[in-house]
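Note sheet for the following structure.
Residue numbers (the working numbering), protein chains in the order written: chain Y, 1371 to 1653; chain G, 563 to 1239; chain E, 138 to 455.
Below, the structure is given as structure tokens:
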């Protein structure tokens, strides 16, 4: 293959990613939510706790596009204002889990031996506890009303899976001869781990990050629905649903449906991005 | 309607294309060949020439994006191009079979091997119990001892050679009139390969099947086939009876190919290998004129614009060239290396021996068993000398390299001495100068070069670490090294994935020379490369040695290459050195029985028939070596030597049987000389 | 083979033990916390001391840990803080209910997901493949409670097809009717678990379809259909077993939200109640039991995998 052809293939791959419909749709929706999370304060027509006692539990209308809930609060504003919390929490938790998981995976995959054995046993043990349950437990035990706590707990819970993926990738890479070649020019371990091996396992890590991000959104939404890990009264989507879902039996669907739609679209947008990346990188 | 004269297989002006990213790329261009009943036709070419495509086309099995764009494929006179799928399946069940590379993966891992062979019989309507019996008989036919046991095994439990026999049994079970074999022995050890090829010749004789034999190995083709076709870039450039084609090659590509193979008798000290400049084109490249014009020293403008037709050389011998009469005497093409030596940085040396390996052993733990991979190996290497390490799989040659380099530490008692100085057992404890003095070029440059680093960085970093240069000086030196190895400056900022195999290997060699080494270990450096590219790399290594005085430890399974490039050779079997001497001695005799068998298993290009000394039985596992001499259960010279009991009970020592020639055998060398003459 | 099973069993025991340790320390991270958490801010020192005495919280942490594990091994799940009665009285019936739900869900999820994966693989690149793959994974990131509520809203309330609670409390208590009531909650779980299982199954089938041995089968003269049924499926299903086992934790975790929405007195509801009331005894024992179930499923899957995979089976029996 000529060099020209090789360079073209690389360019084509990048174009494949960008032109991929799934990727574009995912990016647009995510972009929309990111904008909302930054500028929510300016866009929302009303405050999160503003109550209008004349319009309690009123359906979508010109005045209140998404209707009002049982407290007379504007559903639209609460959905908009709830964006920042879940977006920031999800990104932070995933970043935390990825950094720690990558470190563990690198060490485990490269050094193997006892450290690896112990780490794998711990990872297996943590994986044997459902994510949600371990999160609930930790948050309950730690008097969990703070989002920071939730972020740390979810990050911690994600570490095993990410660690496992990175470890598997590193195990494969460490066998390749360029690592031996690095040792043969007196490179020390930190260099080998971070400048030789890490750049090659970066693609799977990036993809894993986006996958985990989707699950972080999933977990945070569920936890807030269950009443754990969030402050009273904060306009987060999960607790909005928790407060209002009982009313669907009386056909008051709007305070539940719109936050639900928000959760679904945010999660799916992230998932579309990770899907398209998976496709392009053929993982 | 087929008569005795109808060819079993005929490709008539066949054209095949693959659709890649929306564009049709020509893979086979106007191929015409025919195979008579019972004949063996060899199709030879390098990577990307389309030979596998031709093989699959004969089976009417093209990938999803492949299509036949022109011509016909006639099986016993009938065109199978437009045949319905179920008719094609029927043909495959009864008339055409295929065997290809990697026998282990060709078998389903979750079904017993015997059941898979029996499946062929069941397809022609035979009952299940009968088909199992017939399957067992088929295994006997391919000379598998203890077929009943083998029937019950799974694919991963079979050795390479055994698996290939099973696949051949499966292929022949349907009594095909045509057997297509695509690189069937590539990847098998030399002695195993020879056995499988012998088997195929015998079966051909017994069944009268026609064979389409595809390989890149000219020696094997010469040995196995009645007629040969040379494929280049999807076009058949020359075709004829084997002897005619090899004795009187009439296409510049064939001539070039034959010239760049290191044949028996050639040695680096006296002969330089020819190369074919450039690289084989990628599958599907478009050409206006002759496909070979861009690399041909005889090419003129006419060649580049007009497509040459097949020209008759004599009888059935044809070549597609405007200058076929001049081909055999075409000018030689030999590249020079412009390497900038820095050998003055080495301190004056003491004595004649650069590297001394003493009593090296290595034991690995595998699944709880202890496996002795290397057993008390002692060798030495002089200045500016090449030591060839030869051996089949399991011989431990790569482990020795790793021990010498310090990647793996030897057992107690093993010492590696470099230029009079004993080296630390592990790499971390050796000082920078020693580490830089011994470097390695690996077999697979895709894995040996970090795919995320640029070429400059790969070589530059090595210079930085091993010579202590600062970053910018190191980069300058890297450019120098790379250009010296003929890697053009425009490619220096490229990543390895953008380079061809030969270029990648040059980068790997540049990196090895970054620290001005005294020894470079070459572990199968050309095994993954095409023949024409291999010659250029070998020339490069020879030049480097001449100009720089560097020593090589050259590991290869290719005996021709080892013979060409080595000064001295050590033959390894099961982790032991069983013969050690000059290149001349080891290849001309008297031989150690194992070396004898090994040499006789390599088919010669010049067509001379070497008496085959077979090595019976299977390679023993290193975890359970035979008692006495490790070769004794398979040794072709043991019986009747008079030393049988000794061979079975006591392990012989490595003794000097002639000046500078060592052998590990109980049978006195005089007796061997007599037996082997 | 026996040795392999014993070895895996041993590893499972180690895992469960580690889980117990982790769970215990998570619960007791902040010393003195348990009592204060439970009794709330208004508790006096005496109340705290008495509480601690009753529940053995005045012992050292290690003593508590081993005491707890010892009790567990004897089948004693401790005393509930809320009800001052044995935890087993609360948990065991709940586990019974959850098992029914999980069972119905499992029987829906496994065949549908595998079928989805196979169909996607056999129609690779076509619209239905994209629909199954992308659709499945997108559905998987939407939380179960959202699905549950959506299903209740549409199918239950608006269209009255399925009942909106999972528990048939009056009238027909037959098994069939119970299952009918459990279908909607099971579908919520199916929607979340389908995607990943289908995807891995699809990958396994594709790998088998593109393998050398598949090519050999076709070149032997088998029709494509026969080749697929005889050679592909048995190889492709191996990774599927592994992935199903890996999804059991998500199934159990998903029970919580689903049971709440469907008003089902199962394990999840009890757990949620325990979290709200800070009833750590119930929490600890509950979590350990769920982990035990998960580890058992892992063990079964590993053994099944080894039995069906000759590479491992042969290696093990030598």
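Here a beta-carbon is modelled for each residue, glycine too, at the ideal position from N, C-alpha and C. What you are looking at is a predicted structure, and each value in this text was computed from that prediction instead of being measured.
- The straight-line gap separating the alpha-carbon atoms of residue 1127(G) and residue 947(G) is approximately 10 Å.
- Take the alpha-carbon of residue 1533(Y) and the one of residue 329(E): they are about 23 Å apart.
- Separation of residue 412(E) and residue 1449(Y) (C-alpha to C-alpha, rounded to the nearest whole angstrom) is 27 Å.
- Taking a C-beta cut-off of 7 Å against chain Y, the contacting residues of the stretch 265-285 of chain E are 271, 274, 275, 278, 279, 280, 282, 283, listed in chain order.
- DSSP places residue 876(G) within a strand segment (E or B) once states are collapsed to three.
- With its beta carbon less than 9 Å from one in chain Y, residue 409(E) belongs to the interface.
- Neighbours of residue 342(E) in chain G, taken as residues at a C-beta separation under 9 Å, are lacking, since the least C-beta distance is about 14 Å.
- Between the stretch 593-600 of chain G and the stretch 570-579 of chain G there are three or more inter-stretch CB-CB distances shorter than 8 Å, so the stretches are counted as touching.
- The way I'd put it, the stretch 1050-1058 of chain G does touch the stretch 1000-1018 of chain G; three or more beta-carbon pairs between them come closer than 8 Å.
- DSSP assignment within the stretch 837-898 of chain G yields the following whole beta strand (DSSP E) runs of 3 residues or more, N-terminal first: 872-876, 879-882.
- For residue 996(G), the enclosing alpha helix (DSSP H) begins and ends at 994-999.
- Cβ neighbours of residue 1565(Y) within its own chain (closer than 6 Å, five residues either side excluded): none.
- Counted as a single uninterrupted DSSP element, the alpha helix (DSSP H) harbouring residue 1041(G) occupies residues 1033-1046.
- At a cut-off of 9 Å between beta carbons, residue 1595(Y) contacts chain E.
- In the structure shown, residue 437(E) falls within a helical segment according to DSSP collapsed to helix, strand and coil.
- Between residue 386(E) and chain Y, the shortest Cβ-Cβ separation is below 9 Å.
- The Cβ atoms of residue 985(G) and residue 1114(G) do not sit closer than 9 Å to each other.
- Contact residues of the stretch 1531-1547 of chain Y toward chain G are 1546, 1547 (C-beta to C-beta distance below 8 Å).
- Taking C-beta atoms under 8 Å as the contact rule, residue 791(G) and residue 780(G) fail to qualify, at a distance of about 12 Å.
- C-alpha of residue 600(G) to C-alpha of residue 568(G): approximately 12 Å in a straight line.
- Contact check between the stretch 216-234 of chain E and the stretch 411-426 of chain E: three or more CB pairs, one atom from each, fall below 8 Å, which counts as touching.
- The Cβ-Cβ distance between residue 290(E) and residue 395(E) does not fall below 9 Å.
- Runs of the alpha helix (DSSP H) spanning 4 or more residues and lying entirely within the stretch 241-288 of chain E occur at 264-278, 281-288, in chain order.
- Under the three-state reduction of DSSP, residue 1056(G) is assigned to coil, being neither helix nor strand.
- Put simply, the CB of residue 1518(Y) is far from chain E, with every gap to its CB atoms at 9 Å or more.
- With a threshold of 9 Å between beta carbons, residue 997(G) makes contact with chain Y.
- Residues of chain Y with a Cβ closer than 9 Å to the Cβ of residue 1002(G) are, in chain order, 1547, 1550, 1551, 1554.
- Excluding sequence positions up to five before and after residue 817(G), its CB lies within less than 8 Å of the CB of 811, 889, 890, 892, all in the same chain and listed in chain order.
- The continuous alpha helix (DSSP H) containing residue 1471(Y) extends over residues 1445-1481.
- Residue 1449(Y) is outside the set of residues whose beta carbon lies under 9 Å from a beta carbon in chain E.
- The continuous beta strand (DSSP E) containing residue 923(G) extends over residues 915-928.
- Looking at the DSSP output, residue 801(G) shares a beta bridge with 791(G), 880(G).
- DSSP places residue 1525(Y) in the helix class (H, G or I) of the three-state scheme.
- Residue nearest to residue 995(G) within the set 978(G), 1010(G), 1078(G), 1041(G) is 1078(G) (criterion: CA-CA distance).
- Under the 10 Å beta carbon count, residue 1001(G) is surrounded by 16 or more other beta carbons and is classified as buried.
- Of the candidates 206(E), 215(E), 439(E), 439(E) places its Cα closest to the Cα of residue 378(E).
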